[in-house]
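J.: Can you read through this structure? Questions will come right after.
Protein chains: 2
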Amino acid sequence: MTDRVAVLAHEMFPDRSKTANGVIRYADYEVAAVLDRERPGERVADHLPGVDDAPVVASFADVPGDVDALVIGIAPIGGGFDESWRPDVRAAIEAGCDVVSGLHYFLNDDEEFASLAADHGVELWDVRKPHDDLTVAGGRSADVDADVVLTVGTDCSVGKMTATMEIVEAARDAGIDACAIPTGQTGIMIEGWGNPVDRVVSDFTAGAVEEMILEKGDDHDLLVVEGQGSIIHPAYSAVTCGILHGAMADKLVLCHAAGREAIHGYEDTAIPPVEEYVDLYESLAAPVHEAEVVAGALNTVDVDDDAAARAAVDDFADTIDAPATDLIRFGADEVVEAIR
Amino acid sequence: MTDRVAVLAHEMFPDRSKTANGVIRYADYEVAAVLDRERPGERVADHLPGVDDAPVVASFADVPGDVDALVIGIAPIGGGFDESWRPDVRAAIEAGCDVVSGLHYFLNDDEEFASLAADHGVELWDVRKPHDDLTVAGGRSADVDADVVLTVGTDCSVGKMTATMEIVEAARDAGIDACAIPTGQTGIMIEGWGNPVDRVVSDFTAGAVEEMILEKGDDHDLLVVEGQGSIIHPAYSAVTCGILHGAMADKLVLCHAAGREAIHGYEDTAIPPVEEYVDLYESLAAPVHEAEVVAGALNTVDVDDDAAARAAVDDFADTIDAPATDLIRFGADEVVEAIR
């Protein structure tokens, strides 16, 4: 694994740079700089409280000191490569850096990057490229010794990956041998392993989750599976459903963003009443494996003061009839208590 | 398109050769022979009433006359290539035949077959290889002029592809300009086009369906989308869910096999009461696009006499609170009436 990294987040840091933020917050990297050509001179810690600080710079050439890797920290809908990033990726490779990318577009399939990487002896790690031995699920995830918890959501970008990492950290702090099961690019970058479930052959969606659970499930007491999308997402529900049935979780943590009224990017699709999600997830899970929504994780990043956030959390808890909190704002203790 | 074909179905014809049977029954091919090494000397019409007859032979060398293509007519769970089929595929290519395959294993990636095919100037059509321009759904399928009907199922192999083709045929007979939207290998082989939705990148599952609906939806009055799997299938529910949300169907036809008690190949997963499927499909569809189960298609192939089959159909209709029939045994008129 690389140690010191620069994180590319042009024009999206910090509000639309989910991957960058996750890597900065949870991975074992030392972050040398964030690249955002719209914010040179700003500081990471100004935007992401509680993380190690680093400068925001305009391009790879401005990153201070040597770095081992450039991490592509943004993921546009569709997962394409933005050609405006090419000079930075080129510069990184020419400086002897590996490049880590979670895009659908594989850097290894890009002729210029592949050729440059070979010339400079660096690795292009396409996190979203699945391995070749995936297959269909066998319905066996419930056989493992560990308890399995799955984070599920009302929408994309409500904080499932964050909730997963926070729950694992808090569970470990409480003395539980917990392990994250990463299913998306950010989780995989943070953990250093995992199947990119949104990129596998659709028939193998549940199988890709099951493979990870069988691999880790007898070595830990608690697996926390990173959910994806939402079961009513017009584009991504397939992945959500495959993870739900592939994980065969005992317990679900429902993640939601306070104030979200429509599916992100699909404004014609309203967010249904939150209690409907509880029914949908539980009734859809049950024929394969009984699962219960035992806690809620409410993302109140858009709520200004703590009192209003606390009220929103209490309201959310009442609605789903289970303990809830904002894991970042108020800590994960209530959720850990609910899943243990 | 090819005209005269041989259909490979070794050791699986007719009870486990869904693809072969579909091609024989619905495609515009002339079937010269079915290959099944366990049934040489038998006749196709002995097993599949109402189709054009053809001999069953032990190997490609025994196919009478010249054929244009060999169709791989069986699809084991997982979609692998059975090495025992290699001599027949080799012989077909050497005889100048194209080979049509719906396996997950691509013939074009097989060094021997690719090289032989190049030498003999024949095409290997890997039906399940998706095209490169697929992307995420935009939630736009409901914008087309056509009514959209989707066949959904309680399990795999209950007759969704058959129901789709029978409904399209019956609708055309009733004067409706209907078009099938094929989503699986058999449907694509029959129709000669289509996206193999179970083989696309999981994030693009709904998008692959939407692409087809947008392509055909303003040229016809009725689209009948071929469903896949089941919304509670331990392995394949992701594909089912993606099709449900990608199609944005107005009406659903619920397909079931009389007497089925557990998910095919997953005996630990019981088939829930059929009315639960109605609730699950409708409640899962609604947040994206309201859909109603308006008819049922019961596969009574395992029921011996017509009276018992009629009773089973009536029972199924009562359970789902909608008209139902066995489309093969009793015709599709009731279903066409319900969806028009």
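So the sequence lines, in the order shown, correspond to chains A and B. The letter at position 13 of the first sequence is residue 13 when you use full-length UniProt numbering, and the numbering goes up by one with no holes. The letter at position 57 of the second sequence is residue 57 when you use full-length UniProt numbering, and the numbering goes up by one with no holes. Note that CB positions come from ideal geometry on N, CA and C, so glycine has one too.
1) If we count the other Cβ atoms within 10 Å of its Cβ and call it buried at 16 or more, is Glu166/A buried or exposed?
2) Taking 8 Å as the cut-off, does the segment 220 to 237 of chain A touch the segment 177 to 185 of chain A (at least 3 CB pairs, one atom from each stretch)?
3) When the distance is taken between beta carbons, is Val67/B closer than 8 Å to Val34/B?
4) From Ile77/A to Val136/B, what distance separates their C-alpha atoms?
5) My assumption, with CB atoms under 8 Å, is that Ala54/B sits in contact with Ala32/B. Please give the rounded CB distance.
6) Can you check whether the C-beta of Met1/B is within less than 8 Å of a C-beta belonging to chain A?
7) Measure the beta-carbon distance from Val208/B to Pro130/B and round it to whole angstroms, keeping in mind my assumption that it falls under 8 Å.
8) Going along chain A, which residues have a C-beta under 9 Å from Cys179/B?
9) In the DSSP assignment, the alpha helix (DSSP H) including Lys216/A goes from what residue to what residue?
10) Using the beta-carbon of each residue, which ones in chain B are nearer than 7 Å to Leu107/A?
11) What does the Cβ neighbour count give for Glu210/A, buried or exposed, with the cut at 16 atoms within 10 Å?
12) Any beta carbon of chain B sitting closer than 8 Å to that of His264/A?
13) Among Ala295/A, Ala312/A, Pro14/A and Ala285/A, which residue has its Cα nearest to the Cα of Ala258/A?
14) Name the residues in the segment 278 to 311 of chain A whose C-beta lies less than 7 Å from a C-beta of chain B; which are they?
15) Between which two residues does the beta strand (DSSP E) harbouring His256/A extend?
16) Curious, which full-length alpha helix (DSSP H) runs of at least 4 residues does the segment 5 to 43 of chain A contain?
17) Between Asp133/A and Val239/B, which are expected to be in contact by the criterion C-beta below 8 Å, what is the C-beta distance as a whole number of angstroms?
18) With respect to the alpha helix (DSSP H) encompassing Ala163/B, which residues constitute its N-terminal and C-terminal limits?
19) Pull up the distance between the alpha-carbon of Glu42/A and that of Gly242/A, whole angstroms please.
20) Please tell me whether Ile320/A has its Cβ less than 8 Å away from any Cβ of chain B.
21) Could you confirm whether any beta carbon from chain A is found closer than 8 Å to the beta carbon of Gly227/B?
22) Run through DSSP, which three-state label would Val144/B get?
23) Within 8 Å (strictly less), CB to CB, does Val197/B reach chain A?
24) Under three-state DSSP, which class holds Pro87/A?
25) Rounded to the nearest angstrom, what separates Ala142/A and Val294/B at their Cα positions?
26) Report the residues of the segment 191 to 225 of chain B with a CB closer than 7 Å to any CB of chain A, ordered along the chain.
27) Find the residues of chain B that neighbour Cys97/A, judging by a C-beta separation of less than 9 Å, and give them in chain order.
28) Taking all protein chains shown into account, decide if Arg86/A is buried (16 or more other Cβ within 10 angstroms of its Cβ) or exposed.
29) Can you give the beta carbon distance from Asp88/A to Leu103/A, rounded, assuming they're within the 8 Å contact cut?
30) Could you give the C-beta distance for Lys251/A and Ile339/A, rounded to a whole number, given that I count them as a contact under 8 Å?
31) Pick from Asp109/A, Ser237/A and Glu94/A: whose alpha carbon is nearest that of Ala122/A?
32) For Thr154/B, name the three-state secondary structure that DSSP assigns.
33) With a threshold of 8 Å on Cβ separation, who are the neighbours of Ile231/B within its own chain once the five nearest residues in sequence on each side are excluded?
34) Thinking Ile213/B and Val148/B are a contact (beta carbons under 8 Å), I'd like their distance in whole angstroms, please.
35) Who are the neighbours of Tyr236/A on chain B, taking C-beta pairs under 7 Å?
36) What residues from chain B crowd round Val239/A, counting only those whose CB sits closer than 7 Å?
T.: Taking the coordinates as given:
1) Numbered from its first residue, the first sequence carries residue 166/A at position 166. The residue is buried, with at least 16 neighbouring Cβ atoms inside 10 Å.
2) Contact between the segment 177 to 185 of chain A and the segment 220 to 237 of chain A is established, with three or more Cβ pairs separated by less than 8 Å.
3) In the second sequence, counting from the first residue as 1, residue 34/B sits at position 34. In the second sequence, counting from the first residue as 1, residue 67/B sits at position 67. Not in contact: Val34/B and Val67/B (Cβ atoms no closer than 8 Å).
4) Here residue 77/A corresponds to residue number 77 of the first sequence, with the count starting at 1. Here residue 136/B corresponds to residue number 136 of the second sequence, with the count starting at 1. For Ile77/A and Val136/B, the distance between alpha carbons rounds to 8 Å.
5) Indexing the second sequence from 1 puts residue 54/B at position 54. Indexing the second sequence from 1 puts residue 32/B at position 32. Right, their Cβ atoms sit about 6 Å apart.
6) Position 1 of the second sequence, counted from the first residue, corresponds to residue 1/B. Because Met1/B sits at a pLDDT of 48, beneath the cut-off of 50, its placement in the model cannot be relied upon, and the following sentence gives the value as read from the coordinates. For Met1/B, no Cβ of chain A is located within less than 8 Å of the residue's own Cβ.
7) Working through the second sequence from its first residue, we reach residue 208/B at position 208. Working through the second sequence from its first residue, we reach residue 130/B at position 130. Residue identity check: residue 208/B is Ala in the sequence provided, not Val. Confirmed, Cβ separation roughly 7 Å.
8) Taking the second sequence and counting its residues from 1, one reaches residue 179/B at position 179. Near Cys179/B there are no residues of chain A at all, since even the closest Cβ is about 22 Å away, more than 9 Å.
9) As a first step, residue 216/A must be located in the first sequence, where it is residue number 216. That run of the alpha helix (DSSP H) goes Thr205 to Lys216.
10) Locating residue 107/A in the first sequence gives position 107, where the first residue counts as 1. The contacting residues do not exist; Leu107/A stays about 17 Å from chain B at best.
11) The sequence position of residue 210/A within the first sequence is 210, counting from 1. That one is buried.
12) Residue numbering aside, residue 264/A sits at position 264 when the first sequence is read from its first letter. Closer than 8 Å: no.
13) Residue numbering aside, residue 258/A sits at position 258 when the first sequence is read from its first letter. That would be Ala312/A, whose Cα lies nearest to the Cα of Ala258/A.
14) Per Cβ criterion, the list reads Leu280, Ser283, Leu284, Pro287 and Val288.
15) Residue 256/A sits at position 256 when you count from the first residue of the first sequence. Residues Lys251 to Ala257.
16) 18 to 26, all fully within the segment 5 to 43 of chain A.
17) Within the first sequence, residue 133/A is the residue found at index 133, counting from 1. Within the second sequence, residue 239/B is the residue found at index 239, counting from 1. The pair is not a contact, with the Cβ atoms about 20 Å apart (cut-off 8 Å).
18) Counting from 1 along the second sequence, the entry for residue 163/B is found at position 163. Taken as a continuous stretch (DSSP letters only), the alpha helix (DSSP H) holding Ala163/B covers Lys160 to Asp173.
19) Along the first sequence, one-based indexing puts residue 42/A at 42. Along the first sequence, one-based indexing puts residue 242/A at 242. Going by the C-alpha atoms only, they are around 41 Å apart.
20) As a working mapping, residue 320/A is identified with position 320 in the first sequence. Closer than 8 Å: no.
21) Against the second sequence, residue 227/B aligns to sequence position 227. No, Gly227/B does not count as interfacial toward chain A.
22) Start at 1 with the first residue of the second sequence, and residue 144/B comes out as number 144. Correct three-state label for Val144/B: coil.
23) Translated into the one-based positions of the second sequence, residue 197/B becomes position 197. Interface residue, yes.
24) Taking the first sequence and counting its residues from 1, one reaches residue 87/A at position 87. Looking at Pro87/A - three-state DSSP - the assignment turns out to be helix.
25) The residue labelled residue 142/A in the question sits at position 142 within the first sequence. The residue labelled residue 294/B in the question sits at position 294 within the second sequence. Taking the straight line joining both Cα atoms gives about 35 Å.
26) Val197, Asp198, Arg199, Val200, Val201, Ser202, Asp203, Thr205, Ala206 and Gly207
27) Here residue 97/A refers to the residue found at position 97 of the first sequence. In chain order: nothing, as chain B lies at least about 28 Å away.
28) Taking the first residue of the first sequence as 1, we reach residue 86/A at position 86. It counts as exposed.
29) On the first sequence, residue 88/A is found 88 positions in, with the first residue counted as 1. On the first sequence, residue 103/A is found 103 positions in, with the first residue counted as 1. So it is not a contact: roughly 14 Å between Cβ atoms.
30) If you number the first sequence from 1, residue 251/A lands on position 251. If you number the first sequence from 1, residue 339/A lands on position 339. Correct: roughly 5 Å between the Cβ atoms.
31) Taking the first sequence and counting its residues from 1, the one referred to as residue 122/A is at position 122. For the sequence presented, residue 122/A should be read as Val rather than Ala. If we check each option's Cα against that of Val122/A, Glu94/A comes out closest.
32) Translated into positions along the second sequence, residue 154/B becomes position 154. If DSSP states are grouped into helix, strand and coil, Thr154/B belongs with coil.
33) Locating residue 231/B in the second sequence gives position 231, counting from the first residue. Hits under 8 Å: Val152, Ser237, Thr240, Cys241, Leu244, Tyr277, Leu280, Tyr281 and Leu284.
34) Translated into positions along the second sequence, residue 213/B becomes position 213. Translated into positions along the second sequence, residue 148/B becomes position 148. The beta carbons of Ile213/B and Val148/B sit about 7 Å from each other, so the pair counts as a contact at 8 Å.
35) Taking the first sequence and counting its residues from 1, the one referred to as residue 236/A is at position 236. Here the neighbours are Asp203.
36) Numbered from 1 along the first sequence, position 239 holds the residue referred to as residue 239/A. Correct list: Ser202, Asp203 and Ala238.
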